[in-house]
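Some notes on the structure that comes next.
Chains as they are written, first to last, in UniProt numbering: chain A, 1 to 682; chain B, 1 to 325.
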């Protein structure tokens, strides 16, 4: 090899860039041997043969330099051929290094000498291509101790700055650090860094959930790889991490973050071996929590792939749980009697027994005032539950009586507690309250909206009020002919968490967008529904405006803008829904204006659910407000709005916020176009 | 496949004037088929099933509730009342409704007697006696006491019993249900218990035994009906049970051909089950108060078979169910 640096550089460039150069010249007539696939394989094979010759030469006592080979490898990886090169290179290297100590030295030396600017690409490719920490440690030796750039990539960049790697990559990396005693201090250092990152409250608030999940996995994995004496040394760090980290995780409004906090907290406290205090939480397991717990178990040993270059080395999927051989089919239900008896029993066909029901000890009330009375004064749990169940039907049937007692009934229902642990309590109570709001909208909505801002209600009651308002508005705005069994946000067997209108909401917005696309329809399969007056439009104002009245007045028990941001998020989604349902109502314009004014100040709230609510409201305004008034209203803020939405769509941490921002932008564009070009756009 | 709606009763007999405690058919006779009913006011009505009117009303218990009615060799009616007596009435045309003989049982409980016919001139009557847990067996019409069955353990009051003659073996057997929920099998000739079974957590309200299939069934104040069987060594073995929606069974009766079981429930309904495996077959609603008794007829012709049910609402309903063959 010529010693001149320049020649080397040119040679390097031509060697590695040969596929692109030939493709440029020959374009469609490039022979397959010069395509990246084959060329890189060829390159890798050449590197291997060079290494073999080096080994032979070293055994013969000759000195060799692997600088150029390292540079070729580095440049090839940096140019994007990592996967192709290592597909061939890694299995052969791992096979050679398995048996031969000299090969190990050679391969480690090769990788040590890769220039810093390409080190990251090479290490990334290698870590992804090998199938386990042992292989990695054989191939790269103690490079992490000798080369500062490699150390940075492995201990810092992989763990804290990137988060797209799969679990097996994490296992390989951290396992590699754990294998050798000289490298173990780096593992401890990595653990400390991960703890710090995990327990940082601003990180929890401002990074995506996926990144937090990745950091948690890395944390748990490194914890499981440490030996007990080392964990003793890290006690202080771990304890600090656990306490402060868990606090900011549990404070979050996102369920996934809370679950991650609980799982990690439990695991840390298990490892810390304080026999008395062991944290344990109750949470529902889902895929994420199971993944987190899985990662702490040692990985299955994968077999070494044979050194055939054809075999794809990219990490084979984890064997996982073995497919259990199907259990022998359990013996068919042997009847206790011999078979002959079976025939005659089947001759007798049963009658319809569906009318058989459990006998009620007390009959349900038939009059509304009886029902109210029962709920107020009765001590008998059966009577109370019978009254509650019957309330919905009675309210809807006896409209004139309902109008007399509606506010009183609402008051009773709002303050009712589940004294007798009735399983369907929440469901029936909500249905009854919605029925009241639908039958007598104005007084009941006035009552509920006033109470929303009153003192001495707990959060659950305030959320209930919002839910009832939203459901009542939905029902009022639905045309009568298509009214099926009224759906409720609370299912019959109630979950303990506050219900979330979110999913339903998003569907509505998406449907609207879809409905604006033109379709060549096949013709109606059913006659179009009869037009009925919208019952919601006249009362929309009563539902909506009182909720905006005193939001900025903090009270002793209710601080909407401060710590009770949970209620704020729900309030925003309710307001958005009310706005959306007010489409075509005359008061929609004023509603839209008021809503935009309200949410403008909340755009940059720290809580993701509040931001999500803000975006939903903006979507709703764009959908429901007539476009002329929309344009007038927004005219000054048009540029600002667009800039804000674009920013959120790019950079917001929460995926839902980003999607909603994009939808808002789309809707805004549509309205603008419609206004500015009324002829071309119908 | 849609199941058929449950059948309606063939007819309803009114006029008893009090809750109907017990019913008994006597249809295997040349004369008109008869149904005997005992009421809480102490009257035994003899219903003519052709005219559907009471032929005769026998009042012999001084107003005390009649809790069991049966016939002895077609000529005599037996009725047990809460006046601690079992009365015998002749049933021929001429003589009016007057008691011809009466038996003092001394029992103030509710346990119905059981009759085993051993031929035209001899029968065994098992009844609960003065001491609440004791069962006495007497031969009729000679009124000779045969034995007395008293359990060693404290099982409480005897609630219900049935005596039958097994095909194999010498003496008659008797099965009794007690207040603590256990069922005991007695050997009458030797006067000792053969086996016992703890069937229910509540008192056994009623039971019935099918000698043909060596299986019996018991019901109590809870909502389970349990069946048990006798194995070769005369041991009671627990078998299938079926859960009901509402608790409480007043009476159980297995039909003569061993195909179905009827249960009179406290929830105003009569439930019909297949006897083989206690498969629920029908729920019959017709009465407006709790059911007290149910029984099947002994028609020779299977298609004419009837089921009668008496209730606290003073009506007797007659049903024809599962009669096709």
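Every residue, glycine too, gets a C-beta built ideally from N, C-alpha and C. Source: prediction; values computed, not measured.
The three-state secondary structure of residue 273 (chain B), taken from DSSP, is strand. Counting along the chain, the unbroken alpha helix (DSSP H) around residue 628 (chain A) starts and ends at 627 to 634. DSSP places residue 42 (chain B) outside any alpha helix (DSSP H), giving it a letter other than H or E. By the criterion of at least three beta-carbon pairs nearer than 8 Å, the region 160 to 167 of chain A is not in contact with the region 132 to 149 of chain A. Spatial neighbours of residue 20 (chain B) in its own chain (CB-CB distance under 7 Å, excluding positions within 5 residues in sequence) are listed in chain order as 37, 39, 292, 293, 310, 311, 314 and 316. A Cβ of chain B is located within less than 9 Å of the beta carbon of residue 354 (chain A). Residue 394 (chain A) is a Cβ neighbour of residue 367 (chain A), given a cutoff of 9 Å.
Three or more beta-carbon pairs separated by less than 8 Å link the region 29 to 44 of chain A to the region 75 to 94 of chain A, which places the two stretches in contact. A contact between stretches requires three or more CB pairs, one per stretch, nearer than 8 Å, and the region 585 to 599 of chain A fails this requirement with the region 554 to 562 of chain A. 9 Å or more divides the Cβ of residue 622 (chain A) from the Cβ of residue 631 (chain A). Excluding sequence positions up to five before and after residue 360 (chain A), its CB lies within less than 8 Å of the CB of 382 and 386, all in the same chain and listed in chain order. Under the DSSP assignment, residue 70 (chain B) falls outside any alpha helix (DSSP H), being part of the beta strand (DSSP E) whose first and last residues are 66 to 72. At least 9 Å separates the beta-carbon of residue 93 (chain A) from that of residue 145 (chain A). The Cβ atoms of residue 113 (chain A) and residue 61 (chain A) lie no closer than 9 Å to each other.
Only 259, 260, 266, 267, 268, 269, 271, 272, 274, 275, 276, 277, 279 and 280 from the region 255 to 280 of chain B bring a Cβ to less than 9 Å from some Cβ of chain A. Residue state for residue 126 (chain B) is assigned as strand, using DSSP reduced to three classes. No Cβ-Cβ contact shorter than 9 Å links residue 176 (chain A) with residue 216 (chain A).
Contact of residue 350 (chain A) with chain B is assigned, a C-beta pair being separated by under 9 Å.
The straight-line gap separating the alpha-carbon atoms of residue 127 (chain B) and residue 112 (chain B) is approximately 7 Å. With respect to the C-alpha of residue 30 (chain B), the residue from B:43, B:13, B:137 and B:49 having the closest C-alpha is B:49. For residue 3 (chain B), the chain A residues whose C-beta falls within less than 7 Å of its own C-beta are 350, 351 and 352, listed in chain order.
Rounded to whole angstroms, the separation of the alpha carbons of residue 547 (chain A) and residue 447 (chain A) is 11 Å. With the criterion set as a beta carbon lying under 9 Å from some beta carbon of chain A, the UniProt repeat "WD" (170 to 196) of chain B has no members that meet it. By the Cβ neighbour-count rule, residue 650 (chain A) is exposed, with fewer than 16 other Cβ atoms within 10 Å of its own. For residue 6 (chain B), the C-beta contacts it makes with chain A under 7 Å involve 351 and 352, in order along the chain.
Relative to the Cα of residue 190 (chain B), the nearest Cα in the group B:229, B:54, B:234 and B:173 belongs to B:173. With a cutoff of 9 Å on beta-carbon distance, residue 540 (chain A) and residue 576 (chain A) are scored as not near each other. The residue from A:662, A:450, A:578 and A:143 with its alpha-carbon nearest to that of residue 473 (chain A) is A:578.
In this structure, the beta-carbon distance from residue 618 (chain A) to residue 466 (chain A) does not fall below 9 Å. When CB distances to chain A are screened at a threshold of 8 Å, the residues of the UniProt repeat "WD" (284 to 325) of chain B falling below it are 285 and 322, in chain order.
The residues 183, 228 and 236, in chain order, have a CB closer than 6 Å to that of residue 197 (chain B) in the same chain once the five nearest residues on each side in sequence are set aside. Residue pairing by DSSP puts residue 193 (chain B) in a beta bridge opposite B:186. The closest CA to that of residue 58 (chain A), considering only A:206, A:40 and A:100, is found on A:100.
Only those residues of the UniProt repeat "WD" (197 to 238) of chain B whose C-beta falls short of 7 Å from the nearest C-beta of chain A would be listed, and there are none. Judged by DSSP in its simplified three-state form, residue 536 (chain A) adopts coil rather than helix or strand.
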